[in-house]
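Visitor: Pasting a structure below so you can have a look.
Numbering (full-length UniProt numbering), first residue to last: 1 to 572.
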């Protein structure tokens, strides 16, 4: 096993200082192994593992680069010999080593965007924090979700742009895709981000333990790490264990794969059936289609992309049609078979008849389920249902002092929502005061923030706040303004004029309560919409804001103008 140098801030090599361990030493998480000198100052390099150092691969005074192997080590052997014994175990069998006990203010279980952000924020507020992660830091988002998919989509976007280079007066002949290099880039980005998270946690003095954690009835956290493990007495516990792909019974065929397997498969199939036209399914549909794969999407519902704005969905449906992506709605998959040639046959019901579709592979994207150990939760007395761990208005579970954030609580499955919930929990733990509208100061209940949502299809969709349909269901009287990107100068410059920006205003208060962008830079515009809604901006307040020219953000200003005097650069 190897211990490698993580991300070095500043990009330049570091210099190895004093080496604090020798070959044969037993090390624990959080123990300083080496001191380093970087352009950002002197920093200790700490262990994130338990084990015995077998070889030191660096010399004092030598240069170190990101990814360099610093030490080699071996893990405990489970107590079957003296080589597996840790410190303090001399003369005893390995199995009798004492469990390590710790006290902390906050124990965070799960190192994804909910967990590690919670840990960093809590440490920044002066709390002692222990973070337990059973796999890799960054969770699904960084390792098997948001980041790797968007890295691949960026390569696909560039490939598509090169094929359109003639529109911009540029000749780009004989364009070739090297999928190994595309995936190497994706892996490198993930690796660098993991190293960056590790660096931040270490710099913030967060103790990181690799292992499987379980909350006991007395709010002690037991951690199994292949050694005797840890017992952590925590003042507060934050559960941030995330979610996993749902795989129906019919998806057990070897021709089926989930999103995790798709991100590890470097070969683009010549044809692909995607079951599920939600966010994950449609992002993969555009990704594979961009690289020349024939894509067929089968969706059970009568619409794609869940509760996404219908007008935005129409833009994506048209873009999919132009790219040759076939979409069958109101279709229920009943079985999947593998042929003798290794390809797949998907049987599905539509309009009362059974249909069959053939493809090289099947990607199953029918949703995600909370990652939780039901037996352990029952033992601890923590309530849950099929949606996830039950939480009250303060994100606290049925066990006092134990909170659940992110995908595991079943509220909203977005990485940034998990991060926001974690920060809110720490503020609540610290008893942060908040001024209510009536002027009273009290310790507040956690309020549901405005969470923007982004879909990285081509074009993108970004939204925040209430949709038109939601307003209809809640009997909210609204006025809606839509500004098309065909009338936006920057969109024309980019050659991406599909789509629009829509603002939804409550008639009585004139506050902006919802918005959606479908088109160029929609992922960035979602943040602009969220700022307006969060801060209760009216159409007047937004229209008086000056937006830079030429930018796609001007479409937000134009839509705001459309709520009162009318758009400047567009008339129906």
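No residue lacks a Cβ here, since even glycine has one placed at the ideal position from N, Cα and C.
What alpha helix (DSSP H) runs, 4 residues minimum, are completely inside the segment 160-210?
Guide: Fully enclosed alpha helix (DSSP H) runs of 4 or longer: 179-203.
Visitor: If you count every other CB in all the chains shown that lies within 10 Å of the CB of residue 148, and 16 or more means buried, which is it?
Guide: For the purposes of this step, residue 148 is taken as residue 148 along the chain shown, with counting starting at 1. Residue 148 is buried by the Cβ-count criterion.
Visitor: Taking 8 Å as the threshold (C-beta atoms), are residue 210 and residue 130 in contact?
Guide: Here residue 130 refers to the residue found at position 130 of the chain shown. Here residue 210 refers to the residue found at position 210 of the chain shown. Going by C-beta atoms, residue 130 is not nearer than 8 Å to residue 210.
Visitor: Can you tell me the Cβ-Cβ gap for residue 533 and residue 519, rounded? I've got them flagged as a contact below 8 Å.
Guide: If you number the chain shown from 1, residue 533 lands on position 533. If you number the chain shown from 1, residue 519 lands on position 519. So it is not a contact: roughly 19 Å between Cβ atoms.
Visitor: Give me the residue from 116, 167 and 5 with the minimum Cα distance to residue 616.
Guide: Residue numbering for the chain in the displayed model covers 1 to 572; residue 616 lies beyond these limits and cannot be assessed.
Visitor: Using a 10 Å radius around the Cβ and a threshold of 16 neighbouring Cβ atoms, would you call residue 168 buried or exposed?
Guide: In the chain shown, the residue the question calls residue 168 occupies position 168. Burial call: exposed.
Visitor: For residue 323, which three-state DSSP category applies?
Guide: Translated into the one-based positions of the chain shown, residue 323 becomes position 323. Here residue 323 sits in coil by DSSP.
Visitor: Taking 8 Å as the threshold (C-beta atoms), are residue 388 and residue 398 in contact?
Guide: In the chain shown, counting from the first residue as 1, residue 398 sits at position 398. In the chain shown, counting from the first residue as 1, residue 388 sits at position 388. It is not a contact, given that the beta carbons lie outside the stated cut-off.
Visitor: What's the C-alpha gap between residue 328 and residue 69?
Guide: Sequence index remark: in the chain shown, residue 328 carries index 328 (1-based). Sequence index remark: in the chain shown, residue 69 carries index 69 (1-based). Whole-angstrom Cα-Cα distance: 50 Å.
Visitor: Nearest CA to the CA of residue 500: which residue from 160, 422, 525 and 278?
Guide: Locating residue 500 in the chain shown gives position 500, where the first residue counts as 1. Among 160, 422, 525 and 278, the Cα nearest to that of residue 500 belongs to 525.
Visitor: Name the one or two DSSP bridge partners that residue 16 has.
Guide: Looking up residue 16 in the chain shown gives position 16. Paired residue(s): 36.
Visitor: Assuming residue 109 and residue 239 form a contact by the criterion Cβ under 8 Å, report the distance between their Cβ atoms to the nearest whole angstrom.
Guide: Residue mapping note: residue 109 aligns to position 109 of the chain shown, counting from 1. Residue mapping note: residue 239 aligns to position 239 of the chain shown, counting from 1. Confirmed, about 5 Å.
Visitor: Taking the C-alpha atoms as reference points, what is the distance between residue 51 and residue 224?
Guide: As a working note, residue 51 is residue 51 in the chain shown. As a working note, residue 224 is residue 224 in the chain shown. Residue 51 and residue 224: Cα-Cα distance of roughly 14 Å.
Visitor: Helix, strand or coil for residue 547, going by three-state DSSP, please let me know.
Guide: Position 547 of the chain shown, counted from the start, is the residue given in the question as residue 547. Coil, per DSSP.
Visitor: Residue 287 and residue 153 look like a contact to me (Cβ under 8 Å); what is the Cβ gap, rounded to whole Å?
Guide: To locate residue 287, count along the chain shown from 1; it is residue 287. To locate residue 153, count along the chain shown from 1; it is residue 153. Contact flag correct, Cβ pair sits at about 5 Å.
Visitor: Say whether the segment 306-323 touches the segment 174-189, bearing in mind that this needs 3 or more beta-carbon pairs closer than 8 Å, one atom from each stretch.
Guide: As far as the Cβ criterion goes, the segment 306-323 does not touch the segment 174-189, which means the pair count is below three.
Visitor: What do you get for residue 438, buried or exposed, if any count of 16 or more other CB atoms within 10 angstroms of its CB means buried?
Guide: Position 438 of the chain shown, counted from the start, is the residue given in the question as residue 438. For residue 438, the predicted structure reports a pLDDT of 40, less than 50, and the residue's modelled location is therefore unreliable. The matter cannot be settled from this model.
Visitor: Please go through the same chain and pick out, in chain order, the residues whose beta-carbon is closer than 6 Å to the beta-carbon of residue 299, but skip the five residues on each side of it.
Guide: Within the chain shown, the letter at position 299 stands for residue 299. Contacts found: 277 and 329.
Visitor: Could you tell me the distance, in whole angstroms, from the CA atom of residue 353 to the CA atom of residue 335?
Guide: In the chain shown, counting from the first residue as 1, residue 353 sits at position 353. In the chain shown, counting from the first residue as 1, residue 335 sits at position 335. One C-alpha to the other measures close to 14 Å.
Visitor: Taking 8 Å as the cut-off, decide whether the C-beta atoms of residue 127 and residue 105 are in contact.
Guide: Locating residue 127 in the chain shown gives position 127, counting from the first residue. Locating residue 105 in the chain shown gives position 105, counting from the first residue. Cβ distance < 8 Å, so residue 127 and residue 105 count as in contact.
Visitor: First and last residue of the beta strand (DSSP E) that includes residue 402?
Guide: The residue given as residue 402 occupies position 402 in the chain shown. 402-404 is the extent of the beta strand (DSSP E) around residue 402.
Visitor: Mind checking who residue 357 pairs with in its DSSP beta bridge?
Guide: Walking along the chain shown from the start, residue 357 turns up at place 357. For residue 357, which the question treats as bridged, DSSP gives the partners 346.
Visitor: Quick check on this structure: which residue in 470, 535, 75 and 480 has the alpha carbon closest to the alpha carbon of residue 563?
Guide: Here the question's residue 563 lines up with position 563 in the chain shown. Here the closest residue by C-alpha is 480.
Visitor: With DSSP as the reference, label residue 572 as helix, strand or coil.
Guide: One-based indexing of the chain shown puts residue 572 at position 572. Of the three classes helix, strand and coil, the one that applies to residue 572 here is coil, per DSSP.
Visitor: Can you name the start and end residues of the alpha helix (DSSP H) that residue 561 belongs to?
Guide: In the chain shown, residue 561 corresponds to position 561, counting from 1. Residue 561 -> alpha helix (DSSP H) spans 554-562.
Visitor: Roughly how many angstroms lie between the CA atoms of residue 71 and residue 3, to the nearest whole one?
Guide: Counting from one through the chain shown, the residue named residue 71 turns up at place 71. Counting from one through the chain shown, the residue named residue 3 turns up at place 3. The alpha-carbon atoms of residue 71 and residue 3 are separated by roughly 5 Å.
Visitor: Using CA atoms only, rank isn't needed, just tell me which of 484, 403 and 196 is closest to residue 138.
Guide: Counting from one through the chain shown, the residue named residue 138 turns up at place 138. Selected option, being the one with the closest Cα: 196.
Visitor: Just tell me which of 331, 292 and 309 has its CA closest to the CA of residue 301.
Guide: Position 301 of the chain shown holds residue 301. The option with the nearest alpha carbon to residue 301 is 331.
Visitor: Do you know how far the Cα of residue 549 is from the Cα of residue 424?
Guide: To locate residue 424, count along the chain shown from 1; it is residue 424. To locate residue 549, count along the chain shown from 1; it is residue 549. Between residue 424 and residue 549, the C-alpha separation is close to 36 Å.
Visitor: Taking DSSP as the reference, what is the three-state secondary structure of residue 99?
Guide: The residue given as residue 99 occupies position 99 in the chain shown. Residue state, collapsed to three classes: coil.
Visitor: Please classify residue 242 as buried or exposed, where buried requires at least 16 neighbouring CB atoms within 10 angstroms.
Guide: Residue mapping note: residue 242 aligns to position 242 of the chain shown, counting from 1. Classification of residue 242: buried, given that the 10 Å Cβ count is 16 or more.
Visitor: What's the C-alpha gap between residue 544 and residue 557?
Guide: Residue mapping note: residue 544 aligns to position 544 of the chain shown, counting from 1. Residue mapping note: residue 557 aligns to position 557 of the chain shown, counting from 1. Between residue 544 and residue 557, the C-alpha separation is close to 8 Å.
Visitor: To the nearest angstrom, report how far apart residue 341 and residue 361 are at their CA atoms.
Guide: Stepping through the chain shown from its first residue, residue 341 is reached at position 341. Stepping through the chain shown from its first residue, residue 361 is reached at position 361. Near 12 Å, if we compare the C-alpha coordinates of residue 361 and residue 341.
Visitor: Taking the C-alpha atoms as reference points, what is the distance between residue 160 and residue 290?
Guide: Counted from its first residue, the chain shown places residue 160 at position 160. Counted from its first residue, the chain shown places residue 290 at position 290. Between residue 160 and residue 290, the C-alpha separation is close to 7 Å.
Visitor: Start and end of the beta strand (DSSP E) containing residue 221?
Guide: Working through the chain shown from its first residue, we reach residue 221 at position 221. Taken as a continuous stretch (DSSP letters only), the beta strand (DSSP E) holding residue 221 covers 220-224.
Visitor: Report buried or exposed for residue 413, applying the criterion of at least 16 other Cβ atoms within 10 angstroms of its Cβ.
Guide: Position 413 of the chain shown, counting from 1, holds the residue named residue 413. The residue is buried, with at least 16 neighbouring Cβ atoms inside 10 Å.
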